[in-house]
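Novice: Okay, here's the structure, questions in a sec.
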Amino acid sequence: MLYPRIIPVLLVKDKGLVKTVKFKDPKYVGDPLNAVRIFNEKEADELSVIDIDATAQGREPDYQMIENLASECRMPLCYGGGIKTVEQAKRILSLGVEKIALSSAVLERPELISEIAEQVGRQSVVVVLDVAKKFFSTKYECYTHNGKKNSKLCPLEFAQLAGRLGAGELVINSIDNDGCMKGYDLALIREIKSLVAIPVTALGGAGSYEDIKSLIMQESIIGAAAGSLFVFKGKYKAVLISYPTKIEKSNIIAAAQQ
Amino acid sequence: MIAIIDYGLGNIKAFANVYKRLNIPHTFATTREQLEGASKIILPGVGAFDHAMSMLNNSGLRDTLDSLVLEQKIPVLGICVGMQMMANSSEEGEMSGLGWIPGTVKKFSHSDPVVKEKCPLPHMGWNNIVIEKEDSLFNDLDEEQRFYFLHSYFFECDEKENCLATADYGFQYSCVVRRDNVYGIQCHPEKSHHNGVAFLKNFATN
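Chains as they are written, first to last, in the working numbering: chain X, 5 to 262; chain L, 6 to 211.
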């Protein structure tokens, strides 16, 4: 049987690892390469690394950093941040990365999804939607540039479009829940997953293994991604990298399958 | 010396990293000369079938590779699309495969809506393999034989005896195949932690 995936997401800023709350107040939590080594030892299912400076500063992906991380990484690696062209996507995959994550560039020009998928295969193309609701609104919208620009696009509609254009995975990242550690936006995940036929990964809000369990109970086969949960420990948020042990992981999955 | 074929596709560095940690001599082969002395060959691959086939056909390595594998019987391991290329053909493309293991590469297509909902494509993540035929490739695997998968097409063997292991994604399909000195694996041993390392070590040393 296929197992749900439990995925640490690492945010990179100024070459250091950071963690945000609602996409703001990045707190330095360590060195990316060191984090990759720790997740190797812990045998994480997959790893995502997102460079949150690249698009915001309008610069190229940091290929040297990507190559260093990829050669250290013994689990499947997804890289995102600043990818705008087919050439950049191909170059990054050639450095030893399994998947590339696209967001602002494809919200601006969705056909880029097809263009990249045709060249590298859809299995390597991930579309990340950073979503939030405005105050007093019930309507979700997709944001870019670390939550600063509202694209006004509806995530439900864009998720379907991305699937049709050749995305191989969707990551739904809740800005409202980011860093809050109070659980995933389960209703939104349910709605989007029911609309698409490609793998979906939820990000934003996981604060405990119980939160991951709730997500897996609801969706069964799903990617459960988290940042804070795997880099902070305790109520004072001391920095400590962690990941469920094999036994903890089977407990999460077994409970969710009952 | 294990030659990892470098024809511009696949995560060749990841294989090199595994063998480096195991202290197993290995090299990247981009030329005939680099390939000729190989005692074992790794054929990686990702992306679309026709793209991979044309990259290999245009690499200048094809004749040497055919002669090493078919005449000198040097063991070769195809990974992901590298395995799919060993079939006669693929539903994903028009080009002929290498034809080293009789079979066709087909697209997953689940007609039952319940199965379809449970099996989104690509098949992405960790799945168990079920060993159908004992082989030294499977020595020292964990009790849970989990590997990382990332694909939408699968290898259908013409001859059942060529199937060494299956995986379940809506139905059982061949995920490890072998015919004499030709081996293929659909999942990614280079990214499958302990099991993957054991598998690659077995291929290199047995």
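Note that CB positions come from ideal geometry on N, CA and C, so glycine has one too.
Report the residue from X:D180, X:S212, X:L160, X:C184 whose alpha carbon sits nearest the alpha carbon of V204 of chain X.
Specialist: Checking every option, the nearest Cα to that of V204 of chain X belongs to X:L160.
Novice: Can you find the residues in the same chain that come closer than 8 Å, C-beta to C-beta, to S212 of chain X, ignoring five residues on each side of it along the sequence?
Specialist: Here the set comprises M185, L233.
Novice: Anything in the region 155-171 of chain L with a Cβ closer than 7 Å to a Cβ of chain X? List those residues in chain order, please.
Specialist: Per Cβ criterion, the list reads L155, H156, S157.
Novice: Which residues in the same chain as G86 of chain X place their Cβ atom closer than 7 Å to its Cβ, once the five residues preceding and following it in sequence are excluded?
Specialist: For G86 of chain X, where only same-chain residues beyond five positions count, the Cβ hits under 7 Å are D55, A58, T59, R63, E64, P65.
Novice: Output needed in chain order: residues of the region 182-207 of chain X with a Cβ under 9 Å from some Cβ in chain L.
Specialist: Residues K197, S198, V200, A201, I202, P203, V204.
Novice: Under three-state DSSP, which class holds T210 of chain L?
Specialist: Helix, per DSSP.
Novice: How far does the alpha helix (DSSP H) with D71 of chain L in it reach, from first residue to last?
Specialist: It spans 67-71 - the alpha helix (DSSP H) in which D71 of chain L sits, taken as one unbroken run.
Novice: Taking the straight line between their C-alpha atoms, what separation do you get for I46 of chain L and M6 of chain L?
Specialist: When rounded, the distance between both Cα atoms is 9 Å.
Novice: For I106 of chain L and N181 of chain X, I'd like the C-alpha separation in whole angstroms.
Specialist: The alpha-carbon atoms of I106 of chain L and N181 of chain X are separated by roughly 50 Å.
Novice: Along the chain, where does the beta strand (DSSP E) that runs through I193 of chain X open and close?
Specialist: Run containing I193 of chain X: none in the beta strand (DSSP E); it sits in the alpha helix (DSSP H), 190-199.
Novice: Return no unless some Cβ of chain L is closer than 9 Å to the Cβ of Y7 of chain X.
Specialist: Yes, its Cβ sits closer than 9 Å to a Cβ of chain L.
Novice: In chain order, what residues of the same chain have a beta carbon less than 7 Å from the beta carbon of A152 of chain X, not counting five sequence neighbours either side?
Specialist: Here residue 152 of chain X is Lys; the residue named in the question, Ala, does not match the sequence. Correct list: empty, nothing qualifies.
Novice: Residues of the region 131-148 of chain L in Cβ contact with chain X at a cutoff of 7 Å, in chain order, please.
Specialist: Under the 7 Å Cβ criterion, the region 131-148 of chain L contributes W131, N132, N133.
Novice: If V243 of chain X and V33 of chain X are in contact, beta carbons under 8 Å, what's the gap, nearest whole angstrom?
Specialist: That belief holds up - the Cβ atoms of V243 of chain X and V33 of chain X are roughly 5 Å apart, short of 8 Å.
Novice: Look up Y247 of chain X in the DSSP assignment and say whether it is helix, strand or coil.
Specialist: In the structure shown, Y247 of chain X sits in coil (DSSP, three-state: anything other than H, G, I, E or B).
Novice: Just checking my contact of A74 of chain X with G100 of chain X at CB under 8 Å: how many whole Å lie between their CB atoms?
Specialist: Rounded, the Cβ-Cβ distance is 4 Å, consistent with contact.
Novice: Name the residue from L:A53, L:N211, L:F54, L:V23 whose alpha carbon lies nearest to the alpha carbon of D140 of chain L.
Specialist: When only C-alpha atoms are compared, the closest one is L:N211.
Novice: Assuming K217 of chain X is part of the beta strand (DSSP E), what are its boundary residues?
Specialist: Run containing K217 of chain X: none in the beta strand (DSSP E); it sits in the alpha helix (DSSP H), 213-223.
Novice: When Cβ atoms are compared, which residues of the region 7-20 of chain L fall closer than 7 Å to chain X?
Specialist: Answer in chain order: N16, K18, A19.
Novice: Can you pull the chain L residues whose beta carbon is under 7 Å from the beta carbon of M79 of chain X, in chain order?
Specialist: Within 7 Å Cβ-Cβ: K196, H198.
Novice: Could you tell me which residues DSSP pairs with S94 of chain L in its beta bridges?
Specialist: Bridge partners of S94 of chain L: L:T109.
Novice: Report the residues of the region 120-152 of chain X with a CB closer than 9 Å to any CB of chain L, ordered along the chain.
Specialist: Going along the region 120-152 of chain X in chain order, one finds E122, Q123, V124, G125, R126, Q127, S128 with a Cβ nearer than 9 Å to chain L.
Novice: Go ahead and pull the three-state DSSP assignment for S155 of chain X.
Specialist: Coil at S155 of chain X, not helix or strand.
Novice: Nearest by alpha-carbon distance to N154 of chain X: which of X:S107, X:F43, X:G208, X:A230 is it?
Specialist: Residue X:S107 is the option with its Cα nearest to N154 of chain X.
Novice: Determine whether the Cβ of G211 of chain X lies closer than 9 Å to any Cβ atom of chain L.
Specialist: No - not a single Cβ of chain L is within 9 Å of the one on G211 of chain X.
Novice: Short check: CB of S157 of chain L to CB of F113 of chain L, under 9 Å?
Specialist: Going by C-beta atoms, S157 of chain L is nearer than 9 Å to F113 of chain L.
Novice: For the putative contact between A105 of chain X and I245 of chain X, defined by C-beta atoms under 8 Å, what is the C-beta separation to the nearest angstrom?
Specialist: About 21 Å; that fails the 8 Å criterion.
Novice: To which residues of the same chain is G208 of chain X closer than 6 Å at the C-beta, ignoring the five residues directly before and after it?
Specialist: Correct list, in chain order: N177, S178, N181, D182.
Novice: Would you please verify whether the beta carbon of K23 of chain X is less than 9 Å from any beta carbon of chain L?
Specialist: No, K23 of chain X does not count as interfacial toward chain L.
Novice: Assign A191 of chain X to buried or exposed, taking buried as 16 or more other Cβ atoms, counted over all protein chains shown, within 10 Å of its Cβ.
Specialist: By the neighbour-count rule (16 or more Cβ atoms within 10 Å), A191 of chain X is not buried but exposed.
Novice: Looking only at its chain, what residues have a beta carbon closer than 7 Å to the beta carbon of I225 of chain X, apart from the 5 residues adjacent to it on each side?
Specialist: For I225 of chain X, where only same-chain residues beyond five positions count, the Cβ hits under 7 Å are L6, P8.
Novice: Mind checking whether F152 of chain L and N132 of chain L have CB atoms under 9 Å apart?
Specialist: Yes, they are a contact pair.
Novice: With a cut-off of 8 Å on the beta carbons, I'd call P49 of chain L and I17 of chain L a contact; round off their distance for me.
Specialist: So it is a contact: roughly 6 Å between Cβ atoms.
Novice: Quick one: which chain L residues come within Cβ less than 7 Å of D66 of chain X?
Specialist: Ordered by position in chain L, no residue passes the 7 Å Cβ test against D66 of chain X, which lies about 17 Å from the chain.
Novice: Just the Cα atoms here: how many angstroms apart are L174 of chain X and K88 of chain X?
Specialist: Cα to Cα, the separation comes out at about 17 Å.
Novice: Beta-carbon of G100 of chain X versus every beta-carbon of chain L: anything under 9 Å?
Specialist: Closer than 9 Å: yes.
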